[in-house]
Every structure is written in structure tokens, then in C-alpha cells.
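Undergrad:
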């Protein structure tokens, strides 16, 4: 019974962390690059489950291409890079970054997979890259 209450607490914590989340904001020039780093930390009693414990993808946004994704062994952080098409029209694109986290109890056999949608705001400005990188942190806590 204690295990289920811990799992419920983790689910609630993840849900609350994703609610009202401030969007990741990037500013990139047409033909330029920007990067996002997502850092996920776990509570003491949990561990990431393997090499690709954190996986992030982004929706198709007009004029934006996600060109790389790299997970550090053990899970965190994940680095993603985007490029703006050279002929992309200036303006702001909004979408969601989908984050999947797989983690397990230390010393236990129960593993969980959680998915969260993180708001994403990408501004394409012809005068350069005012903000070319962003870091997003999420704490998983039972």
C-alpha cells in the first residue's frame, strides 16, 4: 500500500510541476541555431532507468527544425538543438515540447514512465539571436 501512495505522490508532483509552467523561450535568427537543456532531478529514493531515461521531442513548428537530441548517460540533462529555416518568416511560434521520463525505485523493481508537455515559444527575428539558449528544470519528488 505504501508503494502505491508513493507513486500517487510522484504523479501529483509531476502534474503540479507541469501546470502553470513558464514557457521555454528562444529567440533565433533565420538560418540560425538555438538550444534547450532540460534538467530533471529525482528524489533520494528513485533513479533514472537506463541510458535514455529522459527523451524529448518537439512538435512541428512552421520554419523550425529540431535537428539533434542528446541524452547524457543516466538520464539528465537532455540537450536539444533547433534551427530556423533560412527563409523562415519573422514572428513567434508557440507549441509544446513533449518530455518523457522513465524512473525506478532504488532497490525495487517498479518503474514508471511519465510524459509532460512543456510550453515552448520560439521567436524568429531577422536582427539576430538575442536569446539562443534556455534551461528548464523539473524536480520529481514523491
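In our numbering, the protein residues as written are 1019 to 1160. Even glycine gets a Cβ: it sits at the ideal position worked out from N, Cα and C. Note that this is a predicted model, so its numbers are computed, not measured.
#1: Less than 8 Å between the CB atoms is what I'm expecting for residue 1051 and residue 1099, so what's the real figure, rounded?
#2: Compare the Cα-Cα distances from residue 1116 to each of 1132, 1126 and 1102 and report the closest residue.
#3: Go ahead and pull the three-state DSSP assignment for residue 1045.
#4: Spatial neighbours of residue 1109 within its chain, please: C-beta separation below 7 Å, excluding the five flanking residues on both sides.
#5: Between the alpha carbons of residue 988 and residue 1044, how many angstroms are there, rounded?
#6: Could you name the residues of the same chain whose beta carbon sits closer than 7 Å to that of residue 1082, not counting the 5 residues immediately before and after it, in chain order?
TA: Let's see:
#1: Between residue 1051 and residue 1099, the beta carbon gap of about 6 Å places them in contact (Cβ cut-off 8 Å).
#2: Looking at the Cα atoms, 1132 is the closest of the given residues.
#3: In this structure, DSSP gives residue 1045 an extended state, which the three-state scheme calls strand.
#4: So the qualifying residues of the chain are 1142.
#5: Residue numbering for the chain in the displayed model covers 1019 to 1160; residue 988 lies beyond these limits and cannot be assessed.
#6: Once the five neighbours on either side are set aside, the close Cβ partners of residue 1082 are 1100, 1102, 1111 and 1140.
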